[in-house]
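In what follows, a structure is listed as structure tokens, so that the remarks can point back to it.
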Amino acid sequence: MPVVDTLSLLERARAGDEAALDALVARYRPALVRWARGRLPVWARDLADTDDLVQSALIKTIRNLDSFQPTCEASFQQYLRQAVRNVVRDEIRGARRRPVTAGIDPDHASDSPSPLERVLGRERLARYEDALARLTAAERGAIVARLEFGFTHRELAAALGKGTPDAARKLTQKAMGRLLELMRDAAPVE
Numbered sequence: 054m055p056v057v058d059t060l061s062l063l064e065r066a067r068a069g070d071e072a073a074l075d076a077l078v079a080r081y082r083p084a085l086v087r088w089a090r091g092r093l094p095v096w097a098r099d100l101a102d103t104d105d106l107v108q109s110a111l112i113k114t115i116r117n118l119d120s121f122q123p124t125c126e127a128s129f130q131q132y133l134r135q136a137v138r139n140v141v142r143d144e145i146r147g148a149r150r151r152p153v154t155a156g157i158d159p160d161h162a163s164d165s166p167s168p169l170e171r172v173l174g175r176e177r178l179a180r181y182e183d184a185l186a187r188l189t190a191a192e193r194g195a196i197v198a199r200l201e202f203g204f205t206h207r208e209l210a211a212a213l214g215k216g217t218p219d220a221a222r223k224l225t226q227k228a229m230g231r232l233l234e235l236m237r238d239a240a241p242v243e
């Protein structure tokens, strides 16, 4: 079965091709669910679960598909990730407006990370995101699809318009090397 690149599917979906739209959703939904899992804090959860958040993001994305202007193969996955982030932010804002309904047991230890652990995690995340922003669009797309979405090399080849899974694997390896080098250069000196 020939691999159809994301940009071609996007164009067909914009033209009203339901099969192309279904193919896009089928290609990106599982990876979005994997990527979104755990992004919404427990305290902000209502009745919505990860699948609901991703579904909401996909619906909003599909409604605005005509206004989306891709710049490269990886643009659509970045657009979808941003849509999920926006839905998570909306859920968090909504949770902050809801009244607290249960008291807190002072004898129950928290499972969440300490402030120091959160700060150290934020520093690493900041280095990762800074290094990611300094990569080319193709390298960035490969890393995000592989690490954050958990794409297989076959899925990666389809998403990035690479001819073979091996070509996608090689691009990802090269991009990972550059990413690690940039992160190492940005690491604080101890």
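Residues 54 to 243 in the working numbering are what the sequence shown lists, from first letter to last. Glycine included, C-beta positions come from ideal geometry on N, C-alpha and C.
Which two residues bound the contiguous alpha helix (DSSP H) that contains residue i?
i      : result
Val86  : 71 to 89
Gln122 : Premise fails: Gln122 is in no alpha helix (DSSP H) and is neither H nor E.
Val107 : 103 to 116
Ser61  : 59 to 67
Ala228 : 218 to 239
Arg199 : Taken as a continuous stretch (DSSP letters only), Arg199 belongs to no alpha helix (DSSP H), as it is neither H nor E.
Leu209 : 206 to 213
Mind checking residue i: buried by the 16 CB within 10 Å criterion, or exposed?
i      : result
Ile196 : buried
Glu208 : buried
Leu178 : exposed
Leu233 : exposed
Arg134 : buried
Ala79  : exposed
Glu192 : buried
Gln122 : exposed
Gly214 : buried
Leu169 : Here the model assigns Leu169 a pLDDT of 49, short of 50, so the residue's position is not dependable and the matter cannot be decided.
Glu64  : exposed
Gly230 : exposed
Ala66  : buried
Thr114 : buried
Thr189 : exposed
Glu71  : exposed
Ala68  : exposed
Are the C-beta atoms of residue i and some chain E residue less than 7 Å apart?
i     : result
Ala89 : Absent here is chain E; the protein component of the structure consists of one chain.
Subject >> the segment 105 to 124 contacting the segment 69 to 88, beta-carbon criterion three pairs below 8 Å >> reply: yes
**OP:** State whether the segment 215 to 234 contacts the segment 187 to 201, with contact taken as three or more CB pairs (one from each stretch) at a distance under 8 Å.
**Re:** Yes, they touch.
Original post:
With contact counted as at least three CB pairs below 8 Å, one residue from each stretch, are the segment 108 to 123 and the segment 134 to 147 in contact?
Top reply: Yes, since at least three Cβ pairs between the segment 108 to 123 and the segment 134 to 147 fall closer than 8 Å, the two stretches touch.
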